[in-house]
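Below: the structure, in structure tokens.
Numbering (full-length UniProt numbering), first residue to last: 1 to 788.
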């Protein structure tokens, strides 16, 4: 089954390449780890407003010591096993990046799986918050770049000169003003989103991330090969697949999606033409070179071995996954369906179509696809179908005629079988495949007992076993790294950092930030229900461009010319707004309209775009620099409800995998609270806080205050947000369609005894310590809150 990232086992041919490329992994890993700390240190130097004593110590003493330590004092930790970007069977299947010629590396940086490095510094930074209980034997922290610059004094003098020329903002950080949409300059057309063919590219942070550079280099290589031989189907497929896998790995606003779709379409046209010619000549189109009995058996086969029908099915499925990642879910269903017209039981397409139907709210169709998947998946390759079925049953049980019964019957047989074989599976990778499968299946059983039988003891037992398997397949949590990361951020962004008269006047972007599972989807749906506001989801254009934005700002800052800095910031802000609009236009053109919308007037032109990349709470400093007038909404939910919801949910691969462990989850939450406290201190009033509980208990009052904060006029459709036909690709897909529901409030109390160790780790932060700060909002009396 395809998940949020559109990854499947069908992406994993060419396994021979993987063996030959493993020799390069250690080198790439080390470069990635070293580069990360170099970037952080470089940002601290360039961003510091003046060379204080501590800064001088950093520049003239600490960094040279670090440079020498690289050569003489630090040893790479080789005990922790490497982890691939896409762990085997993570989505009920396995993935091999060698399909696109990418050398997989366990610790290389990735936008979707950011991992700290493997080198230990002898001295750790002082933690900014009470230290949660640590995992045993934490992995060490990264060290500095081996190619660190030596002209530190010159850098300090440049910064001093810049500070003398650029006036600074005072202590007030209100600036959440309301006003009209941006000017033409703000939303002017940018260059085509199709990647440039020029060898010289803007610095998007690629050099900092060796794995990402490998992606880009391979894409360039495959593009050149395809352009030199445009009739070669397999060269076109290499290019298209490499573009798609990049998009899976890096959430940069979908920069590679248009070219991927265009390339898949071209190769599909060539393959259809070949198939039609074979049919005219009376030749069979369903016979593979491996003598398979039918097309359905070709899912895992190499492209070069597939039959023409099998090749066409795989191409329609791959193209559907790009549509899925692009939030064009109707088009994804259409592409999967074209495959299924050729081979009705091609399970990769069948399970992927079920995933898309869930997001579209078509639960009955989704249930049929996913039930057919598990009934025909004799090799247990698509076990995420069980997860999809559990989501459907949790939302609307009567959609499936037999309810939970057939699913539980299958799992009662499958789980013990897998538990019994895991220890005897040869090879670490094989055991990880089984462990990740058991993680998903036990999680389905947890959902069944949590929502159906209400047996909390049995539910907790399955949740515990689920995460025991999950954590066994992950590298050890690197305790302290999250604290170090937010400490560096706080050192860079402080009062005096932001120059005055710099930044776009645009109020077009609306940013939603917060901890995961805090109610952000509900807030986005409320905003999106307004005819002039568009929710763009979690594939953030701003976040994807952040490396480029940072690099451009740094280069302009060291020039010491205030006008150049202001011009650079304005240009980068306009680029973000322009790409937000272009991305919306592309999705809008490929999205089916609801009947009532088609019968009415033309849709209104968007004046606000909502960016719901929650972890942008790390980047509020840059958001404020680019968009000092843009609305930043911080959604807050009762802490233990938030934390337990994060603990019991499965996330796409990345740092959030570690929400399945109490100590790492507590560290992530404390770091988040530390950083939000920092922003409130350094930019008082800049972030608008929105309590989830207030949304639930007082939707009319909150909704009006939220729309007022955007600077737009009220529209009555906002209160009918749950009726709007809008595809929502988040873990809250099925919940948000129900409208307002209160059963999730204090839901952690069912498991209060089991969660007591986590409560102890959170400490006094079980109190949210923040109230809604929407201008003009008055909270109702508690008597009204209690009404059901």
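Backbone N, C-alpha and C define an ideal beta-carbon position, used for all residues, glycine too.
Q) Is the CB-CB distance between residue 477 and residue 658 below 9 Å? A) In this structure, residue 477 lies near residue 658, with their beta-carbon atoms less than 9 Å apart.
(Q) Please classify residue 498 as buried or exposed, where buried requires at least 16 other C-beta atoms within 10 Å of its C-beta. (A) When all chains shown are included, residue 498 counts as buried.
Q | Reference residue 780, options 540, 696 and 268, closest by Cα | A | Nearest Cα to residue 780 within the set 540, 696 and 268: 696.
Q. How about residue 514 and residue 525: do their beta carbons lie closer than 9 Å?
A. At least 9 Å separates the beta-carbon of residue 514 from that of residue 525.
Q) Less than 9 Å separating the beta-carbons of residue 271 and residue 279? A) For the pair residue 271 and residue 279, the CB atoms are not nearer than the 9 Å cut-off.
Q | Counterpart residues of residue 688 in DSSP-defined beta bridges | A | In the DSSP assignment, the residues bridged to residue 688 are 633.
Q.
Output needed for residue 240: all residues of its chain with C-beta closer than 6 Å, excluding positions within five of it in sequence on either side, in chain order.
A. Once the five neighbours on either side are set aside, the close Cβ partners of residue 240 are 260, 263 and 264.
Q: Just list the alpha helix (DSSP H) runs in the stretch 278–327, keeping only unbroken ones of 4 residues or longer that don't cross its boundaries, in chain order.
A: Counting only runs of 4 or more, we get 308–325.
Q) When the Cβ atoms of the stretch 529–547 are set against those of the stretch 634–649, are three or more pairs found closer than 8 Å? A) Contact between the stretch 529–547 and the stretch 634–649 is not established, with fewer than three Cβ pairs separated by less than 8 Å.
Q: Measure from the alpha carbon of residue 302 to the alpha carbon of each residue in 219, 702, 234 and 226, then state which is nearest.
A: Nearest C-alpha to residue 302: 234.
Q: Determine, using beta carbons only, whether residue 503 and residue 625 come nearer to each other than 9 Å.
A: Cβ distance < 9 Å, so residue 503 and residue 625 count as in contact.
Q) Do you know offhand how far residue 392's Cα is from residue 384's? A) Pairing residue 392 with residue 384, the inter-Cα distance amounts to about 13 Å.
Q. How should residue 612 be labelled, buried or exposed, when 16 other C-beta atoms within 10 angstroms of its C-beta is the threshold for buried?
A. Buried is the call here.
Q | Coarse secondary structure for residue 535, derived from DSSP in three states | A | Annotated three-state conformation of residue 535 is strand, per DSSP.
Q: Leaving aside the five residues before and after residue 799 along the sequence, list all residues of the same chain whose C-beta is less than 7 Å from its C-beta, in chain order.
A: The question about residue 799 has no answer here: the residues shown for the chain are numbered 1 through 788.
**Q.** Close beta carbons around residue 408, own chain, < 8 Å, minus the five adjacent residues each side
**A.** For residue 408, where only same-chain residues beyond five positions count, the Cβ hits under 8 Å are 445 and 448.
Q.
Let me confirm a value: residue 606 is counted as buried when at least 16 other C-beta atoms fall within 10 Å, else exposed. Which label applies?
A. Residue environment: residue 606 is assigned as buried (16 or more neighbouring CB atoms within 10 Å of its CB, all protein chains considered).
(Q) Using 8 Å as the cut-off, can you tell me whether the stretch 449–456 makes contact with the stretch 418–433, which would need three or more C-beta pairs spanning the two stretches below that distance? (A) Contact between the stretch 449–456 and the stretch 418–433 is absent, because fewer than three Cβ pairs lie under 8 Å.
**Q.** From 619, 617, 631 and 618, residue whose alpha carbon lies closest to that of residue 790
**A.** Residue 790 falls outside the range modelled here, since the chain spans only 1 to 788, and no answer is possible.
(Q) For residue 793, report the span of its beta strand (DSSP E) as first-last. (A) Past the boundaries of the shown model lies residue 793; the chain is included only from 1 to 788, so the question cannot be answered.
Q. What do you reckon, are the CB atoms on residue 316 and residue 339 nearer than 9 Å?
A. In this structure, residue 316 places its C-beta atom within 9 Å of the C-beta atom of residue 339.
Q: Out of 314, 668, 540 and 378, state which residue places its alpha-carbon closest to the alpha-carbon of residue 813.
A: Outside the shown range of the chain, which is 1 to 788, sits residue 813, and nothing can be said about it.
Q. According to DSSP, is residue 513 helix, strand or coil?
A. The three-state secondary structure of residue 513, taken from DSSP, is strand.
Q. Taking contact to mean at least 3 C-beta pairs separated by less than 8 Å, is the stretch 615–622 in contact with the stretch 546–556?
A. Segment contact: the stretch 615–622 against the stretch 546–556, three or more CB-CB distances shorter than 8 Å; contact assigned.
Q.
Distance check for residue 380 and residue 651, CA to CA, integer angstroms please.
A. The alpha-carbon atoms of residue 651 and residue 380 are separated by roughly 21 Å.
Q | Residues that residue 775 bridges to, as DSSP identifies them | A | Per DSSP, none; premise fails for residue 775.
Q | Residue from 424, 425, 455 and 418 whose Cα sits closest to the Cα of residue 437 | A | Nearest in C-alpha terms to residue 437, of all of 424, 425, 455 and 418, is 418.
Q) Can residue 705 and residue 628 be called in contact, C-beta distance under 9 Å? A) Their beta carbons are not under 9 Å apart, which means residue 705 does not touch residue 628 by this criterion.
Q: Output yes or no for whether 9 Å exceeds the beta carbon distance between residue 711 and residue 507.
A: If you check the CB distance, residue 711 and residue 507 come in under 9 Å.
Q) From 636, 782 and 672, pick the residue whose C-alpha is nearest to that of residue 521; which is it? A) Among 636, 782 and 672, the Cα nearest to that of residue 521 is on 636.
Q. Which whole runs of the alpha helix (DSSP H) in the stretch 325–388 are 4 residues long or more, in chain order?
A. Within the stretch 325–388, the complete alpha helix (DSSP H) segments of 4 residues or longer fall at 329–342, 347–359 and 363–376, listed in chain order.
Q) Under 9 Å, do residue 686 and residue 768 count as touching if we go by C-beta distance? A) The Cβ-Cβ distance between residue 686 and residue 768 does not fall below 9 Å.
**Q.** CA-to-CA distance, residue 458 to residue 471, given in whole angstroms
**A.** Residue 471 and residue 458: Cα-Cα distance of roughly 20 Å.
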